[in-house]
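Using the UniProt record's numbering, read the sequence shown as starting at 1 and increasing by one per residue.
A virtual CB, placed ideally from N, CA and C, is assigned to each residue, including glycine.
As the structure is a computational prediction, the values presented were derived from the model and not from experiment.
What follows is one structure encoded as structure tokens, with my remarks underneath.
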Amino acid sequence: MKKRRIGLLVLLLIGILSIVTACAKKEAHFNQARPDYNSGSTDMTTEMPAEATENTMELEKDSGSIGLSSTAVNDTSEVQSNDKIIRRFYLDVETQEFDDFIRKLNSEISRLNGYVENSEISGKRYNFENDLRYGNLTIRIPRDRVDEFVNIVGENGNVISLQETSENVTLEYVDIESRKKTLEIEQERLFELLEKTDNLDSIIALESRLSDIRYELQNYGTKLRTMDNQVDYSTVTLNVREVERMTPTVQAKQTVGSRIKNGISNTLYNISEGFKNFFVWFVVNLPYMLLWAAIITVITLITLRITKWSRLKKQFSQTDLRNIPKPDMENNSNEIK
1 MKKRRIGLLV LLLIGILSIV TACAKKEAHF NQARPDYNSG STDMTTEMPA
51 EATENTMELE KDSGSIGLSS TAVNDTSEVQ SNDKIIRRFY LDVETQEFDD
101 FIRKLNSEIS RLNGYVENSE ISGKRYNFEN DLRYGNLTIR IPRDRVDEFV
151 NIVGENGNVI SLQETSENVT LEYVDIESRK KTLEIEQERL FELLEKTDNL
201 DSIIALESRL SDIRYELQNY GTKLRTMDNQ VDYSTVTLNV REVERMTPTV
251 QAKQTVGSRI KNGISNTLYN ISEGFKNFFV WFVVNLPYML LWAAIITVIT
301 LITLRITKWS RLKKQFSQTD LRNIPKPDME NNSNEIK
């Protein structure tokens, strides 16, 4: 038993050594067969023409001095500029001069080659609570001028909130373009087949497929034009509110004195506005109050007259009943006897 075990171990060791030796031979053969890329690149450089070698050396010197070659920088900027990015802005603005603000806004929109997509202005009613105006505008500005427009809005009004969103639709745009090109190629081939075939069934099938392709091409074309418009013209949604007092800018850290000062100022302002609003409400509703006062007075007088008349009538009726003589029952009884 021991001899058999020893024999098996010896055979196992021999097999392992043979496998390792074979692997080592294959690796050596692979290293010999693998080309030397460094030497190959040197040979390629020597085989290049003189002009190409000089240009390559100059490019390497330029790129070594700044860390990146100018060609690489240009390629990166071109890639970034070709991205399809949709930018949207949402602004809440306060102004004390509503008409002037809207006038300046329209002037700047025309100057920047933009346009107003939607505009809604409300307010200016007689009721004191709704006498201030409010505007909601959707504005389209060229993408290279939209930052300038946002700064102009901030210079002419008090920006309460500003939100910006960016959506990169490059992949979706490229996907739609590739689908459109594929359909166009299929359309050309179907036209060629339609010219060659004489079979009625084939013609009907080709016409049906061409009709579907035309419909899909129109949809893809509409999507691409819409995306181009959204990319070329950024959307600015502007909510403008007319106020009598601008919202003060709140500092990150306020002292106790500044907080007290701002609180007292707000309290006095609210009190004064409350008196003003009450006075306006009283004057505006005074005709209604006078009318109702007159109606109530007339109704009260009529009610008093009716009450007084009914009371007097009741008193007179009671007095008449007292003056009526009572019948003499004894005399009547004697007369009967």
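Quick check on the burial criterion: 16 or more other C-beta atoms within 10 angstroms. Buried or exposed for Arg103?
Position 103 of the sequence shown, counting from 1, holds the residue named residue 103. Result: exposed.
Count the CB pairs spanning the region 141-161 and the region 234-251 that are closer than 8 Å, and state whether there are at least three.
yes
Roughly how far, in whole angstroms, is the beta-carbon of Thr138 from the beta-carbon of Glu242, given that I think they are within contact range, below 8 Å?
Here residue 138 corresponds to residue number 138 of the sequence shown, with the count starting at 1. Here residue 242 corresponds to residue number 242 of the sequence shown, with the count starting at 1. Contact between Thr138 and Glu242 does not hold, since their C-beta atoms are separated by about 19 Å, which reaches or exceeds 8 Å.
Measure from the alpha carbon of Ile160 to the alpha carbon of each residue in Ser166, Val93, Leu183 and Arg143, then state which is nearest.
Start at 1 with the first residue of the sequence shown, and residue 160 comes out as number 160. Nearest option by C-alpha distance: Val93.
Check whether chain E comes within 8 Å of Glu155, counting only Cβ atoms and requiring the distance to be less than that.
Going by chain labels, chain E is absent from the structure shown, which holds only one protein chain.
Assuming Glu108 is part of the alpha helix (DSSP H), what are its boundary residues?
In the sequence shown, counting from the first residue as 1, residue 108 sits at position 108. Where Glu108 is concerned, the enclosing alpha helix (DSSP H) stretches over Phe98 to Arg111.
For Arg189, count neighbouring Cβ atoms within 10 angstroms of its own Cβ and tell me buried if that reaches 16, exposed if not.
By 1-based counting over the sequence shown, the position of residue 189 is 189. Of the residues assessed, Arg189 falls on the exposed side of the cut-off, its CB having fewer than 16 other CB atoms within 10 angstroms.
For Asn118, the first and last residue of its enclosing beta strand (DSSP E):
What you label residue 118 is simply residue 118 of the sequence shown in a count that begins at 1. Segment Tyr115 to Ser122, the beta strand (DSSP E) holding Asn118.
Straight-line CA distance for Phe89 to Val116?
Here residue 89 refers to the residue found at position 89 of the sequence shown. Here residue 116 refers to the residue found at position 116 of the sequence shown. Each residue's alpha carbon lies about 14 Å from the other.
Can you tell me which residues form a DSSP beta bridge with Pro142?
Counted from its first residue, the sequence shown places residue 142 at position 142. DSSP output for Pro142 lists Tyr233 as bridge partner(s).
Work out the CA separation of Trp292 and Arg259 for me, nearest whole Å.
Residue mapping note: residue 259 aligns to position 259 of the sequence shown, counting from 1. Residue mapping note: residue 292 aligns to position 292 of the sequence shown, counting from 1. Their backbone Cα atoms lie some 47 Å apart in a straight line.
For Ile112 and Gly221, what's the separation of their Cα atoms in angstroms?
Against the sequence shown, residue 112 aligns to sequence position 112. Against the sequence shown, residue 221 aligns to sequence position 221. Per the sequence shown, the amino acid found at residue 112 is Leu instead of Ile. Leu112 and Gly221: Cα-Cα distance of roughly 28 Å.
Compare the beta carbon distance of Lys84 and Val231 with 8 Å and say whether it is the shorter of the two.
By 1-based counting over the sequence shown, the position of residue 84 is 84. By 1-based counting over the sequence shown, the position of residue 231 is 231. Cβ distance < 8 Å, so Lys84 and Val231 count as in contact.
Just confirm the distance between the C-beta atoms of Leu193 and Leu183, as a whole number of angstroms; I'd bet it's less than 8 Å.
Along the sequence shown, one-based indexing puts residue 193 at 193. Along the sequence shown, one-based indexing puts residue 183 at 183. Actually they do not touch by this definition, with Cβ atoms about 15 Å apart.
Status (buried if at least 16 other CB within 10 Å, exposed otherwise) for Val146:
The residue you call residue 146 lines up with position 146 of the sequence shown. Buried, because 16 or more other Cβ atoms sit within 10 Å of the Cβ of Val146.
Would you check if the distance between the CB atom of Glu164 and the CB atom of Arg87 is smaller than 8 Å?
For the purposes of this step, residue 164 is taken as residue 164 along the sequence shown, with counting starting at 1. For the purposes of this step, residue 87 is taken as residue 87 along the sequence shown, with counting starting at 1. Yes; because the gap between Cβ atoms is below 8 Å, this pair is in contact.
By the 10 Å Cβ neighbour count, where 16 or more other Cβ atoms means buried, how is Ile141 classified, buried or exposed?
On the sequence shown, residue 141 is found 141 positions in, with the first residue counted as 1. Per the 10 Å Cβ criterion, buried.
Given this structure, state the Cα-to-Cα distance separating Asn118 from Tyr173, to the nearest angstrom.
Numbered from 1 along the sequence shown, position 118 holds the residue referred to as residue 118. Numbered from 1 along the sequence shown, position 173 holds the residue referred to as residue 173. When rounded, the distance between both Cα atoms is 26 Å.
So within the region 160-207, which uninterrupted alpha helix (DSSP H) runs reach at least 4 residues, ignoring any that extend past its ends?
170-196
Would you mind working out which of Gly263, Asp198, Leu171 and Gln254 sits nearest Met227, comparing C-alpha positions?
Locating residue 227 in the sequence shown gives position 227, where the first residue counts as 1. Residue Leu171 is the option with its Cα nearest to Met227.
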